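One structure is given here, and the rest of the page talks about it.
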Amino acid sequence: MILRPYLLCGLIAILAQLVEHAHGKGEVRSSILRDGSGTKGLAPVRLFCWLINKAALNASAFRAALLDYTAMEVIRLTAENIEQYLPQCLSLQRQLIKPDEVPNEELFLRTAGDERTCMLGLIEDQKLVGLGVIGLLTHPAHVTAHVDNIVVDDAYRGRGFFTVIMDALEAQAALWGADEITLTCSRPAVQPLYERREYKERETKYYRKKI
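To convert a position in the sequence shown, counted from 1, into our numbering, add 110.
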């Protein structure tokens, strides 16, 4: 297990009382969302915003949302546990690739066993509902971590799970001592999600050769 934010529970409980006091006025929601959008790289603030938005300023729903959030966990998929989650990994991969493509089971096994690659899975209701991969590349100029293959199950989208996965991947990059994170994203609908996390579009061209 990599991520289980129990340490935030006490502070979030205080926020729940604040939300209850301001219920119906919209004051707390607007101020926190405004402050959160201007805070750089602070995962707890994004967590607060997600919970408050989901609860719609209802204190009892807020507490339910907190329990929902803390019930999830992010695990590292390794050679030891990949067989258990492989069918769900393949199912998620089908939502990411083109309809005429087939998920490669062997590549999932190789990725899980690669020491310089970290494949993370998001577990909710004892089900794998999200995936993300980050790889480490060390070279003379930089220590680079590259993010790839992020997918959230269609039925679980819109609940902030993308943020949970990205937070965990960035935490892994920090553990590796990476000084930069790279990724590619060709979908216009998803690009703003990365831009809000301060990822910048690079001007250099990206080249690829199939071998």
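Where is the CB? At the ideal position from N, CA and C, for every residue including glycine.
Since the structure is predicted, the reported quantities are computational estimates derived from the model, not experimental observations.
Leu246 is the residue among Asn214, Ile233, Val274 and Leu246 whose C-alpha sits nearest the C-alpha of Glu225. Excluding residues up to 5 positions away in sequence, Leu187, Thr188, Ala189, Ile192 and Met229 lie with their Cβ nearer than 7 Å to the Cβ of Ala222 in the same chain. Sequence-distant partners of Phe271 (beyond 5 residues in either direction) whose C-beta falls short of 7 Å from its own C-beta, in its chain, are Leu232, Val239, Gly240 and Val262.
Judged by DSSP secondary structure, Ala181 falls outside any alpha helix (DSSP H); it is assigned neither H nor E. In this chain, the alpha helix (DSSP H) harbouring Asp277 covers Phe271 to Trp286. A direct Cα-Cα distance of roughly 24 Å separates Leu219 from Asp264. With fewer than 16 other CB atoms across the displayed protein chains lying within 10 angstroms of its CB, Leu217 is exposed.
Taking the CA atoms as reference points, Pro213 sits about 8 Å from Ile207.
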